[in-house]
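Protein chains in written order, with my numbering: chain A, 1 to 254; chain B, 255 to 508. Report on the structure given below.
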DNA sequence: CGCCGCCTTGATAACCGTCAATTCTAGTGG
DNA sequence: CCACTAGAATTGACGGTTATCAAGGCGGCG
């Protein structure tokens, strides 16, 4: 709509790591200004992706790691017959492409859920820099480790949780990440489709829809298409662990 | 039984990375002999764990990464009320402890499934070495990435597969890893309990038991307590993707 | 304005989890 | 050597949560 939007966006894209809003979340976290300059040099470009655009596909040869700068991505795998499994949704400050380090080939696909901008870190350059800046290497490891922790959390969800709990955990986790980004964690924008959410949680889309409805009925959420408002954060939190505490099964019908 | 076993084991433990049987699978993969010497220096000790021993617990402060040298481990998380979720089983050559890099605290627990020996890589030392040996840093990344890929595969399993397929994939994956270790991939030794397997796959122990029985009935496996023999590897492989190809539902009853 | 995809809602059934009993194994002691 | 026990694994009957199938509503976009 606004014709200047694109231009502004381009300006933003050209900002260096030092002035990036993600400064603390991204690789620069905890390194000196001097070291930062070196990192800046490794960031090749800051690509812009439109909704549905693919950042990399399974089988692509590995060239770079990517950091989400704005917008959001989903990563997923697809088996031969087209069945897909979503591995994660990625918000600004999060890294994608790590799974390609093992075999020099991407083992998943990354796709933009909305218009997004991405920092590309060509791996050969990145390697050189991290060799010279140990703190940066440490930070890179830290970020990758964060991915692993996040995946472990997801396994707990997929392991043996009822549907309502899965969705509650998903929303609470999203709210957390919003907070880290200094966004309002009570007003979520679900850039992914319902079936993406369902797939990610190991459910079908109908179940997700039903649970949304139920949560709205009990007053925890206000759902409006992609806009979700968390009305009772505490109760949402309690829904995250309910099945293990039978006495909390019923809602506040004291 | 053999009184010399312990002594031999101790000798083995003292062997350096250079002579380790896991040479190609472990960190040393693809680095020079010279660089290897530096790595040897970082490996503090090679600890021995008995069945049930804990390598680290959730919350422990992070000191080292660990490589399984022999035996096998399980890693898992436990929420407040004691519910556990197994994250993975780890065979020789595989690394554990990566999830601690993010926060300097272990976010899971690692426990030996049998008598195992473990290479401990104190992280401060490891950092120094990888700073000096880029190839080693690369290799470390590669191994961590392998973990991530493995976890992605597991998410596909947990996502939406029927019970039989889950177990089939689990066994096939184990067989693969046996092959990489140059063991006979058709004769598996399940060092973990049935309920460990069930938990890992997001099922209950009864279901796992039933599926084992069914697989034995159709002649794919021969199950004897912890010893599993894969009689028809091809058919096992077909069971891994059956639900999506209806025409393969029935076995070769041509 | 009208199509089309996404989401929602409802009815039915299946797979798997729960509960309960039995068998098997390994470890212990008589 | 064998009986005994405790824990693990198996087997069976049943029920519940969620998938499946089917239809209808809503919003976006040409």
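Where is the CB? At the ideal position from N, CA and C, for every residue including glycine. Owing to the predicted nature of the structure, the values given are computational and were not obtained by experimental measurement.
| query | result |
| --- | --- |
| Can you tell which of 375(B), 329(B), 477(B) and 404(B) has the C-alpha that lies nearest to the C-alpha of residue 365(B)? | 329(B) |
| Under the assumption that residue 166(A) contacts residue 203(A) (Cβ atoms under 8 Å), give the Cβ distance between them as a whole number of angstroms. | 7 Å |
| Would you grab the beta carbon distance between residue 66(A) and residue 120(A) for me? Rounded to a whole angstrom, and I think it's under 8 Å. | 6 Å |
| Closer than 7 Å, CB to CB, is residue 344(B) near chain A or not? | no |
| Where residue 447(B) and residue 70(A) are concerned, what is the direct C-alpha to C-alpha distance, given to the nearest angstrom? | 45 Å |
| Anything in the stretch 483–497 of chain B with a Cβ closer than 8 Å to a Cβ of chain A? List those residues in chain order, please. | 495 |
| So what's residue 38(A) in DSSP terms, helix, strand or just coil? | helix |
| What separation, rounded to the nearest whole angstrom, lies between the Cα atoms of residue 412(B) and residue 37(A)? | 43 Å |
| Do residue 216(A) and residue 223(A) have their C-beta atoms closer together than 7 Å? | yes |
| Would you call the stretch 229–241 of chain A and the stretch 181–190 of chain A touching, i.e. three or more CB-CB distances under 8 Å? | yes |
| Round the Cβ separation of residue 149(A) and residue 353(B) to the nearest angstrom and send it over; I've been treating them as touching at under 8 Å. | 5 Å |
| I need the straight-line Cα distance from residue 327(B) to residue 423(B), nearest angstrom please. | 19 Å |
| Let me know if residue 88(A) comes out buried or exposed under the rule of 16 or more other beta-carbons within 10 Å of its beta-carbon. | buried |
| Give a yes or no on whether the minimum CB-CB distance between residue 462(B) and chain A is below 7 Å. | no |
| Using beta carbons (cut-off 7 Å, strictly below), is residue 243(B) in contact with chain A? | In the structure as shown, chain B starts at 255 and stops at 508, and residue 243(B) therefore has no counterpart that could be examined. |
| Indicate whether at least one CB of chain B lies closer than 7 Å to the CB of residue 40(A). | no |
| According to DSSP, what are the bridge partners of residue 315(B)? | 359(B) |
| Quickly, what does DSSP pair residue 224(A) with across the bridge? List them, please. | 227(A) |
| Between the C-alpha atoms of residue 234(A) and residue 190(A), what's the straight-line distance to the nearest angstrom? | 20 Å |
| Residue 439(B) by DSSP, collapsed to three states: which one? | coil |
| Residue 414(B) versus chain A: which residues are under 9 Å apart at the beta carbon? | 83, 85, 199, 202, 203 and 204 |
| What does the alpha-carbon distance come out to for the pair residue 39(A) and residue 140(A)? | 12 Å |
| With distances taken Cα to Cα, identify the nearest neighbour of residue 359(B) among 317(B), 390(B) and 434(B). | 317(B) |
| Look up residue 154(A) in the DSSP assignment and say whether it is helix, strand or coil. | helix |
| Starting from residue 395(B), find everything on chain A with Cβ-Cβ shorter than 7 Å and list it in chain order. | 101 |
| What's the call for residue 467(B), buried or exposed, on a 16-neighbour Cβ count within 10 Å? | exposed |
| With a cut-off of 7 Å, does the C-beta of residue 152(A) fall near any C-beta of chain B? | yes |
| According to DSSP, is residue 494(B) part of a helix, a strand, or is it coil? | coil |
| Is any beta-carbon of chain A found at less than 7 Å from that of residue 426(B)? | no |
| Taking the alpha carbon of residue 43(A) as the point to measure from, which residue in 128(A), 162(A) and 164(A) has its own alpha carbon closest? | 128(A) |
| Which residues in the same chain have their Cβ closer than 8 Å to the Cβ of residue 131(A), if we skip the five residues on either side of it in sequence? | 137 |
| Beta-carbon separation of residue 372(B) and residue 301(B) under 7 Å? | yes |
| Unbroken beta strand (DSSP E) runs of length 3 or more, entirely within the stretch 64–131 of chain A: which are they? | 64–70, 73–78, 84–90, 109–112 and 116–122 |
| Do you know how far the Cα of residue 152(A) is from the Cα of residue 122(A)? | 27 Å |
| Measure the C-alpha to C-alpha separation of residue 295(B) and residue 271(B) and round it to an integer number of angstroms. | 10 Å |
| Who are the Cβ neighbours of residue 57(A) in its own chain at under 8 Å, not counting the five residues just before and after it? | 106 and 109 |
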